Structures are given as structure tokens and as C-alpha cells.
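Down below is the structure, laid out as C-alpha cells.
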Amino acid sequence: MICATFVLCCQLATLCGQESIKDLPGCWEHQVNDDWHISFNGHLHEMANSSGDPVPACSVWVKHSKYFASGVVMPGGGIMLGGREAESDLIAALEVAIRSLGGTPATDEEQQEKQP
Numbered sequence: 001m002i003c004a005t006f007v008l009c010c011q012l013a014t015l016c017g018q019e020s021i022k023d024l025p026g027c028w029e030h031q032v033n034d035d036w037h038i039s040f041n042g043h044l045h046e047m048a049n050s051s052g053d054p055v056p057a058c059s060v061w062v063k064h065s066k067y068f069a070s071g072v073v074m075p076g077g078g079i080m081l082g083g084r085e086a087e088s089d090l091i092a093a094l095e096v097a098i099r100s101l102g103g104t105p106a107t108d109e110e111q112q113e114k115q116p
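If you read the sequence shown in UniProt numbering, its first letter stands for residue 1, the second for the next number, and so on.
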């Protein structure tokens with residue numbers, strides 16, 4: 001099963017017009033909101049983002065601007081400094097960004113499927 005946070009990052013990239021992140025010369029970067037910034041590396045090797053942070057292959061580096069929260073999100077999971085609260089905040093920010101671009105967050109679709 002693919003990590004929900006990774007799915008939301010992919011969904012946001014698609015809504016922003018990215019079709020093939022692996023074909024970009026570096027990471028695809030996006031300011032999700034005032035607090036969260038993501039760097040998506042679609043390459044099969046580590047790449048540095050514009051801040052010089054190492055982004056592992058096929059993963060998303062996430063960073064919060066105000067408090068000590070950052071992490072790496074991969075299809076199978078990831079790690080977030082700042083714990084579940086930081087991850088929940090990131091997910092909420094991604095959902096808002098997706099909605100602002102006219103999309104329905106995958107997390108909303110999953111909840112609708114669980115309804116009887």
C-alpha cells in the first residue's frame with residue numbers, strides 16, 4: 001500500500017502540471033503553503049534540492065519553515081521529525097493545496113469509499 005502522504009504529494013504535482021518528475025534535471029519543488037515546502041526527487045539516485053538538502057531517490061523531502069519538522073516521504077512510508085502532529089499538519093496543508101487547484105484529495109476519496 002502506498003503511503004497517503006506520498007499519494008497527496010503526487011496528486012499535488014499532477015495538479016501543478018508535472019507529468020514526469022523523473023525527466024526533470026533536478027527535484028521538482030513546491031511551496032505548499034506559508035509553512036511547508038516539498039522537494040520531489042523522481043530520479044533513481046539522490047539529488048540535492050535548491051537548498052542543498054539531499055533528497056533520496058524516488059522520494060519527497062518535506063520541510064516546515066517555523067518549527068523543527070522535516071522528513072522524507074517515500075511510497076512505502078517515511079520518517080518525519082516532529083512526529084504525528086507534524087505529519088497531520090503536512091497532510092492538511094497538502095489537502096488544502098489540492099482543493100485550491102480544483103482537485104479532491106485522495107484522502108477524501110478513501111473516506112468516501114469506507115462509507116456504507
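Where a beta carbon is used, it is the ideal one built from N, C-alpha and C, also for glycine.
Quick caveat: nothing in here was measured; it's all calculated off a predicted structure.
Should V62 be labelled buried (16 or more other beta-carbon atoms within 10 Å of its own) or exposed? buried
Quick check: what's the CA-CA separation for V72 versus P56? 8 Å
Give the DSSP-derived three-state secondary structure of G42 in the structure shown. coil
S59 vs N49 beta-carbon contact at 7 Å: no
Given a cut-off of 7 Å on the beta-carbon distance, is the pair L101 and L15 in contact? yes
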